[in-house]
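These protein sequence lines are chains A and B, in that order. Convert by adding 1 to the 1-based position in the first sequence; the result is the number in my numbering. Convert by adding 1 to the 1-based position in the second sequence; the result is the number in my numbering. Ideal placement from N, C-alpha and C gives every residue a C-beta, glycine not left out.
2 protein chains.
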Amino acid sequence: MKEHTIESCAKANLAIRDTLDIVGGKWKLILISVLRSGKKGFNELSREAGISPRILSKELQELEMNGLVSRKVCDTKPITVQYELTEYSHSLNDVLVAMEKWGYQHRKRIVQGIE
Amino acid sequence: MKEHTIESCAKANLAIRDTLDIVGGKWKLILISVLRSGKKGFNELSREAGISPRILSKELQELEMNGLVSRKVCDTKPITVQYELTEYSHSLNDVLVAMEKWGYQHRKRIVQGIE
DNA sequence: GTAAGTACTATCCTTTTTGTAACAGATAGC
DNA sequence: GCTATCTGTTACAAAAAGGATAGTACTTAC
């Protein structure tokens with residue numbers, strides 16, 4: 002498990018690239034993170050994530066294509082749409098938790114370094 | 002721990018953003034992943050990661066500024082430079098491992114889905 | 001002096017991403 | 001009819017990122 006053969010490294014690098022292909026970019030992980038607190042409407046997501054509708058629409062389509070987010074149209078007064086994390090998206094939990102922890106620790110480190 | 006208050010969610014989202022600020026983008030995590038197999042020279046990194054020298058130079062500077070990579074000039078025949086992960090960069094291990102696992106599983110899932 | 005290797009930097013250009021603003025279709029309230 | 005809300009889309013523009021190609025500087029080898 003601790004061996005660093007050429008093959009195992011190439012495999013690891015490929016896996017990282019694969020992951021970045023799906024959830025890389027500026028918004029994907031942020032959207033998923035925001036959606037972890039529950040289903041959200043389009044404008045709601047736009048506000049909470051601070052993302053313009055144009056980009057949001059594109060990002061949500063890509064997330065949906067990759068099976069990470071589901072889109073449900075609700076038959077309400079003004080028609081509304083609910084975006085929600087899929088079961089499969091939970092497989093990203095480790096990634097998200099690790100990034101949350103790191104970001105939190107890193108910020109602490111930076112702040113302490115300044116003071 | 003399982004509460005989803007407004008504050009805890011905002012905190013989590015901020016942490017994700019912080020992490021992305023440091024290791025987001027197309028190359029940072031790939032470079033770190035490549036460097037996990039040991040120190041590398043500039044051209045070596047360029048070849049292994051498939052990144053052009055111009056971008057590589059910029060990315061390495063940013064990684065160095067954030068304390069994730071160290072740069073050592075070696076007094077060899079033709080002068081060489083060794084790039085190496087810092088101690089602090091190991092704090093990203095959980096993130097990298099989680100992403101490696103996910104990328105690997107996701108690829109398996111996709112391949113199976115096609116066959 | 002010529003070629004080759006290392007580590008970049010500079011220049012130019014293309015692609016991708018992101019943002020802004022406006023607009024469309026549907027429905028409800030006034 | 002006018003306005004407002006919700007969900008997007010479209011058109012246009014700006015910015016960021018990325019790639020290709022050379023070129024610089026230094027050193028060793030021939």
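Inset, instruction - Specify, as a first and last residue, the run of the alpha helix (DSSP H) that L46 of chain A falls within. - result: 43-50
Inset, instruction - Pick out whichever of B:M66, B:R72, B:K59 has its Cα sitting closest to the Cα of Y84 of chain B. - result: B:R72
Inset, instruction - Using alpha carbons as the reference points, say which of A:L15, A:I33, A:L57, A:R37 lies closest to L43 of chain A. - result: Note that residue 43 of chain A is Phe in the sequence shown here, rather than Leu. It is A:L57 whose Cα lies nearest to the Cα of F43 of chain A.
Legend entry - Coarse secondary structure for L86 of chain A, derived from DSSP in three states: strand
Legend entry - Validate contact between the region 88-98 of chain B and the region 91-103 of chain A using beta carbons, cut 8 Å, 3 pairs: yes
Inset, instruction - For the beta strand (DSSP E) holding K73 of chain B, just list the boundary residues, first then last. - result: 70-75
Inset, instruction - Over the uninterrupted alpha helix (DSSP H) stretch that includes R55 of chain A, give me the two end residues. - result: 54-66
Inset, instruction - Kindly give me the distance between the Cβ atoms of K29 of chain B and L86 of chain B, rounded to whole angstroms, as I take these residues to be in contact under 8 Å. - result: In fact, because the Cβ distance is near 12 Å, the residues do not count as touching under 8 Å.
Legend entry - Residues that V1 of chain B contacts on chain A, provided the C-beta gap is smaller than 8 Å: Residue 1 of chain B is absent from the model: chain B starts at 2 and stops at 116.
Inset, instruction - Count the other C-beta atoms from every protein chain shown that fall within 10 angstroms of the C-beta of D19 of chain B, then say buried if there are 16 or more, exposed otherwise. - result: buried
Legend entry - Alpha carbon of L125 of chain A to alpha carbon of V98 of chain B, nearest angstrom: Here chain A comprises residues numbered 2 to 116, so residue 125 of chain A is not present and cannot be evaluated.
Legend entry - Classification of V24 of chain A by the beta-carbon crowding that lies within 10 angstroms, buried from 16 upward: buried
Legend entry - Within chain B, partners of V96 of chain A - CB distance below 8 Å: V96, A99, M100, W103
Inset, instruction - Take the Cβ of V70 of chain A as the centre, count every other Cβ of all protein chains shown within 10 Å, and call the residue buried at 16 or more, exposed below. - result: buried
Inset, instruction - Measure from the C-beta of L69 of chain B to each C-beta in chain A and report whether the shortest distance is under 8 Å. - result: no
Legend entry - is_contact[R108 of chain A, chain B] using C-beta, thresh 8 Å: yes
Inset, instruction - Go ahead and pull the three-state DSSP assignment for T81 of chain B. - result: strand
Legend entry - C-beta neighbour in chain A for R18 of chain B, strict 8 Å: yes
Legend entry - Three-state secondary structure (DSSP) of R18 of chain A: helix
Inset, instruction - Find out if the Cβ-Cβ distance for the pair N14 of chain B, S34 of chain A is shorter than 8 Å. - result: yes
Legend entry - Collapsed DSSP secondary structure at S34 of chain B in the structure displayed: helix
Legend entry - is_contact[L93 of chain B, chain A] using C-beta, thresh 8 Å: yes
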